[in-house]
Amino acid sequence: MGKPVIDHDECIGDGICEQICPEVFELRDDGLAYVIVDDAGEYQDKVDEAIEECPTSAISWED
Ligand code: SF4
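Position in the sequence shown counted from 1, then plus 958, gives you the working numbering.
Laid out in structure tokens, this is it:
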């Protein structure tokens, strides 16, 4: 656990992850979501929720 990663081949840019946890995820003008922190450990529960709610399962914890 530490940093989430987003598979940009899967992200459809609906912004759900940002709505759930704007401290960690940011939807940018290119239509893709980005992780904006190096360590999301303190937001683990919200990141887990975003992982569950992402419609394309594009988010995962970095190995
Ligand atoms: S919830 Fe998933 S598909 Fe939606 S913007 Fe975030 S990473 Fe992309």
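All C-beta atoms in this analysis are idealised placements derived from N, C-alpha and C, irrespective of residue type, glycine included. Keep in mind the model is a prediction, meaning the values are calculated, not measured.
With hydrogens ignored, establish whether the beta-carbon of A998 is closer than 8 Å to any heavy atom of the ligand SF4.
no
Closer than 8 Å: I974 CB and nearest the ligand SF4 heavy atom
Yes, the beta carbon of I974 sits closer than 8 Å to at least one heavy atom of the ligand SF4.
Kindly examine the ligand SF4 and report whether one of its heavy atoms sits closer than 8 Å to the Cβ of E981.
no
Restricting to Cα atoms, I'd like to know which of E1011, V993, D987 is closest to P980.
V993
Taking the alpha carbon of C969 as the reference point, which residue from V995, D1021, V1005, P1013 has its own alpha carbon closest?
P1013
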